[in-house]
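Remarks on the structure that follows.
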Amino acid sequence: MSCRVCSSGYFLNETKGCSICPDNCKKCSSNGKCSECDPGYYVSPNKTCLMCSKEEKTICNSTTSLQACNTCNNYCMFDDSSNTCRESHCVNYFNGTEFCSECEEDYIFESNGKFCFKPESSCKSFQSSETGIIQCVECHNGYYLTDNYECKQCDKQCKTCISSSEQCLECSLLNANLENNCVECKISNCFQCRVNTNECEECYEGYQLVDGECIGLFFFYYFFSFSLF
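Numbering follows full-length UniProt numbering, in which position 154 of the sequence shown is assigned residue number 154; successive positions increment by one, without gaps.
Below you can see the structure in the form of structure tokens.
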């Protein structure tokens, strides 16, 4: 069996199978080179994931800020909210400051201005938590928000859903909503089925609704004209 797409943490190898990415790597290319690391790690020049480390300075005192007391290794910045170092995903900074002026491609600014994050394509809107962590608060159609602020995909027949992939609020076209589940409409050329009865409410363009069925306009006008004689 061959694969087309692999799960996060795996890459598509030459035999069309899925091989695991290197340690602490979230996304990697077909040759196993890492492009995105797990939290707390950064992508090194040779495309491996190295840990963000922190060193305490000896000049710290009670009036010195946490940022001044700590320095991080290359590619990482000190995060005051978690007292740890993590990858910033920032390309450029404002002169003489630790605040980011330009993010890596496909990344956007976090609310604290020091870090950039890569938004989930399934997430519609974000919000910063009390600790400064960016969390998803609303998902796009076809996804629902979990208790961990992640967007999970609804059942393919659902347009919108809640709590789980099968608790539908709204169905995709060609489906009727029945007790939070979507049942496929069995009527040919029907655009929208009636809720709970599986009867057609609206036909596709070029068809006419006649006695609950969708009839092509050519045949509809032919038989209508014939019935006049």
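Every residue gets a Cβ at the ideal spot worked out from N, C-alpha and C, and that includes glycine.
Next item on the list: Leaving aside the five residues before and after S29 along the sequence, list all residues of the same chain whose C-beta is less than 7 Å from its C-beta, in chain order.
Entry: Numbered from its first residue, the sequence shown carries residue 29 at position 29. Its chain contains F11, S35 as the residues whose beta carbon lies nearer than 7 Å to that of S29, once the 5 sequence neighbours on both sides are disregarded; these appear in chain order.
Check: Where does F218 fall in DSSP's three states?
Finding: Sequence index remark: in the sequence shown, residue 218 carries index 218 (1-based). The answer is helix: DSSP assigns F218 an H, G or I state.
Notebook entry, point to check: Using a Cβ-Cβ cut-off of 8 Å (strictly less than) and excluding sequence neighbours within five positions of C103, which residues of its own chain qualify?
Noted result: Your numbering for residue 103 matches position 103 in the sequence shown. Within the same chain, C103 has close Cβ partners H89, C90, V91, F109, C116.
Item checked: Minimum C-alpha distance to N189 - residue among K124, L217, E150 -> In the sequence shown, counting from the first residue as 1, residue 189 sits at position 189. Of the candidates K124, L217, E150, the one whose C-alpha sits nearest the C-alpha of N189 is L217.
Note to self: Could you check whether the Cβ of E98 sits closer than 8 Å to any Cβ belonging to chain C?
What the structure shows: Structure shown: chain C not included; a single protein chain is present.
Item checked: Opening and closing residue of the beta strand (DSSP E) in which Q127 lies -> In the sequence shown, the residue the question calls residue 127 occupies position 127. 123-128 is the extent of the beta strand (DSSP E) around Q127.
Notebook entry, point to check: Relative to the alpha-carbon of K47, which residue among G40, G113, C72, C21 has its alpha-carbon at the smallest distance?
Noted result: In the sequence shown, counting from the first residue as 1, residue 47 sits at position 47. Out of G40, G113, C72, C21, C21 has the C-alpha closest to the C-alpha of K47.
Check: So is Q157 buried or exposed if we call it buried at 16+ other beta carbons inside 10 Å?
Finding: Stepping through the sequence shown from its first residue, residue 157 is reached at position 157. Counting the other Cβ atoms within 10 Å of the Cβ of Q157 gives 16 or more, which makes it buried.
Margin query: Can you tell me whether K16 is buried or exposed? The criterion is at least 16 other CB atoms within 10 Å of its CB, across all chains shown.
Written below: Reading the sequence shown from its first residue, position 16 is the one you call residue 16. Looking at its Cβ environment, which holds fewer than 16 other Cβ atoms inside 10 Å, K16 is exposed.
Check: Per DSSP, C193 is paired with what?
Finding: Taking the sequence shown and counting its residues from 1, the one referred to as residue 193 is at position 193. According to DSSP, C193 bridges with C200.
Checklist line | N92, enclosing beta strand (DSSP E) - first and last residue | finding: Within the sequence shown, numbered from 1, the residue matching residue 92 stands at position 92. Start and end: 90-93.
Next item on the list: Can you tell me which of the three DSSP states T97 falls into?
Entry: Counting from 1 along the sequence shown, the entry for residue 97 is found at position 97. Note: T97 maps to coil in three-state DSSP.
Checklist line | Cutoff 7 Å; reference K114; Cβ partners in own chain excluding five residues on either side | finding: To locate residue 114, count along the sequence shown from 1; it is residue 114. Only M77, S88, E98, F99, C100 meet the Cβ criterion.
Item checked: Which of helix, strand or coil DSSP assigns to F78 -> Here residue 78 is taken as the residue at index 78 of the sequence shown, counted from 1. F78 carries a strand assignment under DSSP once its states are collapsed to helix, strand and coil.
Note to self: Within 10 Å of its beta-carbon, does R4 have 16 or more other beta-carbons around it, so buried, or fewer, so exposed?
What the structure shows: As a position in the sequence shown, residue 4 is number 4, starting the count at 1. R4 is exposed by the Cβ-count criterion.
Notebook entry, point to check: Among all the DSSP beta bridges, which residues are the ones paired with E87?
Noted result: Position 87 of the sequence shown, counting from 1, holds the residue named residue 87. Under DSSP, E87 takes part in a beta bridge, and its partners are C76.
Checklist line | Beta-carbon gap between D155 and C182 smaller than 8 Å | finding: In the sequence shown, counting from the first residue as 1, residue 155 sits at position 155. In the sequence shown, counting from the first residue as 1, residue 182 sits at position 182. Yes, Cβ-Cβ distance for D155 and C182 is below 8 Å.
Margin query: Measuring alpha carbon to alpha carbon, tell me which residue in L50, P119, S129, G96 is nearest S82.
Written below: On the sequence shown, position 82 is the one that residue 82 refers to. Nearest in C-alpha terms to S82, of all of L50, P119, S129, G96, is S129.
Note to self: Assuming I162 is part of the beta strand (DSSP E), what are its boundary residues?
What the structure shows: Residue numbering aside, residue 162 sits at position 162 when the sequence shown is read from its first letter. DSSP places I162 in no beta strand (DSSP E); its state is neither H nor E.
Notebook entry, point to check: Do you know offhand how far T160's Cα is from E150's?
Noted result: Residue mapping note: residue 160 aligns to position 160 of the sequence shown, counting from 1. Residue mapping note: residue 150 aligns to position 150 of the sequence shown, counting from 1. The alpha-carbon atoms of T160 and E150 are separated by roughly 15 Å.
Checklist line | Pairwise C-alpha distance: F126 and I187 | finding: In the sequence shown, counting from the first residue as 1, residue 187 sits at position 187. In the sequence shown, counting from the first residue as 1, residue 126 sits at position 126. A direct Cα-Cα distance of roughly 41 Å separates I187 from F126.
Check: For the beta strand (DSSP E) that contains F11, what are its first and last residues?
Finding: Reading the sequence shown from its first residue, position 11 is the one you call residue 11. Segment 10-12, the beta strand (DSSP E) holding F11.
Notebook entry, point to check: Identify the residues that DSSP records as bridge partners of C102: which are they?
Noted result: Position 102 of the sequence shown, counted from the first residue, corresponds to residue 102. A quick correction: the sequence has Glu, not Cys, at residue 102. The partner list for E102 (beta bridge, DSSP) reads N92.
Checklist line | Beta-carbon separation (whole angstroms), E202 vs Q192, contact threshold 8 Å | finding: As a first step, residue 202 is located in the sequence shown; it is residue number 202 there, counting from the start. As a first step, residue 192 is located in the sequence shown; it is residue number 192 there, counting from the start. Taking C-beta atoms under 8 Å as the contact rule, E202 and Q192 qualify, at a distance of about 5 Å.
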